[in-house]
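**Student:** One line per chain: the protein sequences are A and B, in this order.
Note that our numbering has the first sequence beginning at 22, numbered continuously upward.
Note that our numbering has the second sequence beginning at 22, numbered continuously upward.
For glycine and all other residues, C-beta sits at the position ideal for the given N, C-alpha and C.
These numbers come from a predicted model, not from an experiment.
Number of protein chains: 2
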Amino acid sequence: MRADAQRNRERILAAAEEVFLERGANVVLDEVAKRAGVGVATLYRRFPTREDLLAAAYSARFETFAETSRRRDAELDPVSALRLYLEELVQHTNVYRGLAASLGTVLQVGTPGCAATSKEGLRLLERAQRAGVVRLDVTFDDLVCVATAISLATGQHTSSKVRISHLVDMFTEGMVVR
Amino acid sequence: MRADAQRNRERILAAAEEVFLERGANVVLDEVAKRAGVGVATLYRRFPTREDLLAAAYSARFETFAETSRRRDAELDPVSALRLYLEELVQHTNVYRGLAASLGTVLQVGTPGCAATSKEGLRLLERAQRAGVVRLDVTFDDLVCVATAISLATGQHTSSKVRISHLVDMFTEGMVVR
DNA sequence: TCCTATATGGAGATATCCTCCACTTCGCAA
DNA sequence: TTGCGAAGTGGAGGATATCTCCATATAGGA
Numbered sequence: 022m023r024a025d026a027q028r029n030r031e032r033i034l035a036a037a038e039e040v041f042l043e044r045g046a047n048v049v050l051d052e053v054a055k056r057a058g059v060g061v062a063t064l065y066r067r068f069p070t071r072e073d074l075l076a077a078a079y080s081a082r083f084e085t086f087a088e089t090s091r092r093r094d095a096e097l098d099p100v101s102a103l104r105l106y107l108e109e110l111v112q113h114t115n116v117y118r119g120l121a122a123s124l125g126t127v128l129q130v131g132t133p134g135c136a137a138t139s140k141e142g143l144r145l146l147e148r149a150q151r152a153g154v155v156r157l158d159v160t161f162d163d164l165v166c167v168a169t170a171i172s173l174a175t176g177q178h179t180s181s182k183v184r185i186s187h188l189v190d191m192f193t194e195g196m197v198v199r
Numbered sequence: 022m023r024a025d026a027q028r029n030r031e032r033i034l035a036a037a038e039e040v041f042l043e044r045g046a047n048v049v050l051d052e053v054a055k056r057a058g059v060g061v062a063t064l065y066r067r068f069p070t071r072e073d074l075l076a077a078a079y080s081a082r083f084e085t086f087a088e089t090s091r092r093r094d095a096e097l098d099p100v101s102a103l104r105l106y107l108e109e110l111v112q113h114t115n116v117y118r119g120l121a122a123s124l125g126t127v128l129q130v131g132t133p134g135c136a137a138t139s140k141e142g143l144r145l146l147e148r149a150q151r152a153g154v155v156r157l158d159v160t161f162d163d164l165v166c167v168a169t170a171i172s173l174a175t176g177q178h179t180s181s182k183v184r185i186s187h188l189v190d191m192f193t194e195g196m197v198v199r
């Protein structure tokens, strides 16, 4: 990519981050372009769909999230690790209002951060399954569905950390082998 | 309501049912008006928002659904009844492609069928809670969010009865007292 | 039959998405 | 350096969708 294009790409991501934070994941994209000081065409050329932009804007956060999770691996038993992963995934999803409904799509976009997050989730899931503490019929997509449900249930109202934690507990219990 | 207005209302609902089934819940509403042989203004006057129209068009189905659920009350234990309710709610939601995202709003619109469905869900939930088999901190809104998430996760692909059932199981497990 | 509250339709104002293309800029090769 | 082709750009405007305004029509009671 040409240097100027790269520069614009970064400006767009910075603007997207700001605008999504302020006004949610469903803002008019012209607003993002304007804030980035760039034409809409440039934005659409680089990020053909809203999900592409969301995934890219969120990539860095997701990257950090995955890395953090990976790093504390040894400290937690498989179920606690999975539980915490889910809780943090929901919290991240709630950062952009309206992201919940697209979480599945966004995670599939394949941005480095999204890929890392999916990979880490899968790793934790499989670890727990190998340890025989989580049901074998649970898939990573199921986890995403759980995170979506919790995010939908808690996203509207101002971040109720307690309630998120509560719901995560509840549904993690549902996945545990008894 | 004047007789001609009533007639038009019914035509709009019949057209909406057809069009939503064929092309999903996000079709252009002009299409519905055209098929009903009515101006758009008439449609918007009667159903100010898409959700109003969806709720009205879906009212009959939801009515039947609630009634069916109510009728088999004696045959099932509280958890099985709740589980089946959830599964059927998701299946109904998937009938109109794209309805999932509006499920919460639609259920709140207060059409007779929607009200009956909410009421029945709440009844089943409270019955299970009184029987001490479902956690007391689960609300009806949580159920709706779960149904929405499952519907979002399964709605795109056809023939996902197995997957729906699996996800419903998982979430139900989580809500059960152990 | 008349009269008016009620209802109608479709043109068009408004909003959003996305593309086209004339023009600009980068950066390599000579 | 400079020239030049490939890469990139912006914003006007087409396409699509939503929703309203208001001149006109009509049901149905008096």
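Could you check what DSSP says for A:V130 in three-state terms: helix, strand or coil?
**Tutor:** coil
**Student:** So that I know if they touch, is there some Cβ in chain B lying closer than 8 Å to that of A:F86?
**Tutor:** no
**Student:** Is the distance from the Cβ of B:L75 to the Cβ of B:V127 below 8 Å?
**Tutor:** yes
**Student:** Checking the sheet assignment: what are the DSSP bridge partners for B:V207?
**Tutor:** Because chain B here runs from 22 to 199, residue 207 of chain B falls outside it and cannot be looked at.
**Student:** Threshold first: 4 residues or longer. Then list the alpha helix (DSSP H) segments lying entirely within the region 95-145 of chain B, N to C.
**Tutor:** 99-116 and 124-129
**Student:** What residues in the region 167-184 of chain A have a beta carbon less than 7 Å from any beta carbon of chain B?
**Tutor:** Cβ contacts with chain B: T169, A170, L173 and A174.
**Student:** For B:D162 and chain A, any beta-carbon pair shorter than 8 Å?
**Tutor:** yes
**Student:** Would you check if the distance between the CB atom of B:G134 and the CB atom of B:R82 is smaller than 8 Å?
**Tutor:** yes
**Student:** Is it the case that the Cβ atoms of A:L110 and A:A78 are separated by a distance below 8 Å?
**Tutor:** no
**Student:** Output the distance between the C-alpha atoms of B:F192 and B:R93, rounded to the nearest integer angstrom.
**Tutor:** Taking the CA atoms as reference points, B:F192 sits about 22 Å from B:R93.
**Student:** Put A:R29 into one of helix, strand or coil per three-state DSSP.
**Tutor:** Reading the sequence as shown, one finds Asn at residue 29 of chain A and not Arg. Helix at A:N29.
**Student:** Give the range of the alpha helix (DSSP H) segment to which B:V87 is assigned.
**Tutor:** In the sequence on display, residue 87 of chain B carries Ala and not Val. In the DSSP annotation of this structure, the continuous segment of the alpha helix (DSSP H) that includes B:A87 starts and ends at R71 to R92.
**Student:** In chain A, which residues lie less than 7 Å from B:H187 when you measure between Cβ atoms?
**Tutor:** D158
**Student:** Step through the CB atoms of chain B and report whether any lies within less than 8 Å of the CB of A:F41.
**Tutor:** no
**Student:** What is the rounded straight-line gap between the Cα of A:A203 and the Cα of A:R66?
**Tutor:** Nothing can be reported for residue 203 of chain A, as the shown portion of chain A is limited to 22 through 199.
**Student:** If you draw a straight line from the C-alpha of B:V165 to the C-alpha of B:S80, how long is it?
**Tutor:** 17 Å
**Student:** Would you be able to state if there are at least three C-beta pairs under 8 Å between the region 129-145 of chain B and the region 99-107 of chain B?
**Tutor:** yes
**Student:** List the whole-angstrom C-beta distance separating B:R32 from B:A57, where the pair is believed to meet the contact cut-off of C-beta under 8 Å.
**Tutor:** 4 Å
**Student:** Throw me the rounded Cβ distance for the A:N115 and A:G176 pair, which I believe falls under 8 Å.
**Tutor:** 5 Å
**Student:** Compare the Cα-Cα distances from A:G125 to each of A:S172, A:A87 and A:R184 and report the closest residue.
**Tutor:** When each option's Cα is compared against that of A:G125, the closest is A:S172.
**Student:** Counting only the same chain and skipping the five closest in sequence on each side, list residues whose C-beta sits under 8 Å from that of A:G131.
**Tutor:** A76
**Student:** Please say whether A:V155 and A:V197 have beta carbons closer to each other than 8 Å?
**Tutor:** yes
**Student:** Could you tell me which chain B residues have their CB closer than 7 Å to the CB of A:G195, listed as they occur along the chain?
**Tutor:** M191, F192, E194 and G195
**Student:** Hey, how far is the Cα of A:A24 from the Cα of A:P69?
**Tutor:** 20 Å
**Student:** Any idea what DSSP makes of A:T175, helix, strand or coil?
**Tutor:** Of the three classes helix, strand and coil, the one that applies to A:T175 here is helix, per DSSP.
**Student:** Using a Cβ-Cβ cutoff of less than 7 Å, which residues in the same chain neighbour B:E38 once the five nearest sequence positions on both sides are dropped?
**Tutor:** A78
**Student:** Less than 8 Å between the C-beta atoms of A:S123 and A:E72, yes or no?
**Tutor:** yes
**Student:** If we ignore side chains and look at the alpha-carbon of each, how far apart do B:K140 and B:R28 end up?
**Tutor:** Looking at the two C-alpha atoms, the distance is approximately 29 Å.
**Student:** Which residue from A:T169, A:D51 and A:Q150 puts its Cα closest to that of A:D98?
**Tutor:** A:Q150
**Student:** Starting from A:A62, follow the alpha helix (DSSP H) in both directions and report where the run begins and ends.
**Tutor:** V61 to R67
**Student:** What residues in the region 116-131 of chain A bring their beta carbon closer than 7 Å to a beta carbon of chain B?
**Tutor:** Those would be A122 and G125, in chain order.
**Student:** With a Cβ-Cβ cutoff of 8 Å, do A:A137 and A:E84 count as a contact?
**Tutor:** yes
**Student:** Note down the Cα distance separating A:H187 from B:G195, rounded to an integer number of angstroms.
**Tutor:** 11 Å
**Student:** What's the C-alpha gap between B:A95 and B:V189?
**Tutor:** Roughly 21 Å separates the two Cα atoms.
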